[in-house]
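Heads up, the thing below is written out as structure tokens.
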Amino acid sequence: LSVQNYLRMMAELREISPAKQVEYISDAVRATGLTEHLARPISQLSKGFRQRVGLAQAILHRPKLLILDEPTVGLDPTQIVEIRRLIKRLSQQSTILFSTHILSEVEALCDRVIILLNGEIRADARLSELAATADALLVLQEPVSGLENELKKLQFVRKLEPYRSLDGYPGFRISGAENSDNAQTSKGDDLCPALYAVVKERNWPLRELRRDVQTLETIFNRLA
């Protein structure tokens, strides 16, 4: 079965009127880069182009919502890049919902993320919002007696986790409080300015203070 005949068949199954089939098929073929492959049997196409055929039939009827499941599984690196570009283009005309275990793919393609763990929604936010909850990493040049207790007393601190810098110095990963009327910062804000003010005021020997880099993998592992 050729690409063209397959798309004609799918247009009929999707009840696209004969008067509109040529236009709709042409648009889908152009969007997925299949123009030069219409006469070829699908069985002779590479897996990457077979994926394109699948996407072409999925957008034939111009859906408002397009659902994709693991769209790049089994593709080589070049094909993955091509399919990602194609999905990006398609997102300009349809809302795309897709499931994947490849977190780097989510970061490359998605605006909004839902993380499911054991059937429960553990996170539902825009990628930018997830990044905005990034914690701060604080490392001092030398030990300070009672440092952990002092940090816990700060109104804008919600949680402390032990952290060790690349050069071996111990410190803390610090999470911001959800809400605090008197706090200098809150969850979602950059904690570093508020922490730096405290470090400077108390003359702690600062070695490292920076915002934690939270990739989607980091967020997922911490939720698991």
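1 is the number of the first residue of the sequence shown in the numbering used here; add one for each residue after it. Built from N, CA and C at the ideal position, the CB exists for glycine as well.
- In the displayed model, Pro63 falls within coil according to three-state DSSP, outside both helix and strand.
- When C-alpha distances from Arg173 are compared across Ser165, Leu166 and Leu160, the shortest belongs to Leu160.
- Separation of Gln93 and Ile42 (C-alpha to C-alpha, rounded to the nearest whole angstrom) is 26 Å.
- Around the beta carbon of Ala11, 16 or more other beta carbons lie within 10 angstroms, which makes this residue buried.
- For Tyr24, the CB contacts under 8 Å within the same chain, skipping 5 residues up- and downstream, are Ala11, Ile16, Leu60, His61 and Arg62 in chain order.
- An exposed status is given to Asp167, since fewer than 16 other beta-carbon atoms sit within 10 Å of its beta-carbon.
- Comparing alpha carbon positions, the residue from Trp204, Ser2, Val29 and Ile219 closest to Ala131 is Ile219.
- If only uninterrupted beta strand (DSSP E) runs of at least 3 residues are considered, those enclosed by the segment 96-177 are 112-117, 120-126, 136-140, 157-164 and 170-176.
- Rounded to the nearest angstrom, the gap between the Cα atoms of Ile83 and Ala177 is 40 Å.
- Taking C-beta atoms under 8 Å as the contact rule, Leu75 and Gly48 qualify, at a distance of about 6 Å.
- When secondary structure is reduced to three states using DSSP, Arg40 falls in the coil class, being assigned neither helix nor strand.
- Within the same chain, and ignoring the five residues on either side of Ile67 in sequence, the residues whose Cβ sits closer than 6 Å to its Cβ are Leu97.
- In this structure Thr72 is buried. Its beta-carbon is surrounded by 16 or more other beta-carbon atoms within 10 angstroms.
- Between Leu109 and Arg126, the alpha-carbon positions lie close to 12 Å from each other.
- Residue pairing by DSSP places Glu208 opposite Val139 in a beta bridge.
- Pairing Val113 with Leu216 gives a Cβ-Cβ distance under 8 Å.
- For the options Gly171, Leu90, Asp190 and Gln155, the alpha carbon positioned closest to that of Ser145 is the one of Gly171.
- Between the beta-carbon of Leu38 and that of Leu86 there is about 17 Å, and that puts the pair past the 8 Å contact cut.
- Non-local beta-carbon contacts of Val199 in its own chain, meaning distances under 6 Å to residues more than five positions away in sequence, involve Leu206 in chain order.
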